[in-house]
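**Q** Count the sequence shown with the working numbering and you get residues 6 to 90, in order. We put the beta carbon where it would ideally sit given N, CA and C, even for glycine.
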Amino acid sequence: MPELPEVETIKNELAPHIIGHTVTGVTLFWQGIVRQPSVEEFCSRLIGQKITGMERRGKYLIFGLTSGEALISHLKMTGSLLLKP
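#1: Can you check which of these residues, LEU9, GLY37, PRO10 and GLY53, is closest to GLY25 by C-alpha distance?
#2: Following the continuous alpha helix (DSSP H) through ILE15, name the residue where it begins and the one where it ends.
#3: According to DSSP, simplified to helix, strand and coil, what is ARG4?
#4: Counting pairs of Cβ atoms below 8 Å between the stretch 59–68 and the stretch 30–43, do you hit three or more?
#5: In chain order, what are the residue ranges of uninterrupted alpha helix (DSSP H) at least 4 long that sit wholly in the stretch 22–59?
#6: Determine which residues share a DSSP beta bridge with SER78 and list them.
#7: Between VAL86 and LEU19, how many whole angstroms is the CB-CB distance? I'm expecting something under 8 Å.
#8: Taking all protein chains shown into account, decide if ILE56 is buried (16 or more other Cβ within 10 angstroms of its Cβ) or exposed.
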């Protein structure tokens, strides 16, 4: 499980690559990871959103979206995110 310095490093490395970009697709390798809303609604609400900002609170990464909503992610045990260009 990543500690705070690793989470901060991931945020700092990832932010320049995603802020200002639009989500064009969502792939869930494990659908149980989405707690709310339903998986279908989660994907449809996320696609087309532009990422407006990124911050860290504790071990959570928070992605700001154009809708005013936020995507909150915890790196769990693996400590990794996959970014597809």
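**A** Checking against the coordinates, here is how it stands:
#1: GLY53
#2: 9–23
#3: In the structure as shown, the chain begins at 6 and stops at 90. Residue 4 is therefore absent and cannot be evaluated.
#4: no
#5: 44–51
#6: LEU66
#7: Looking at the sequence shown, residue 86 is not Val but Leu. Confirmed, Cβ separation roughly 7 Å.
#8: buried
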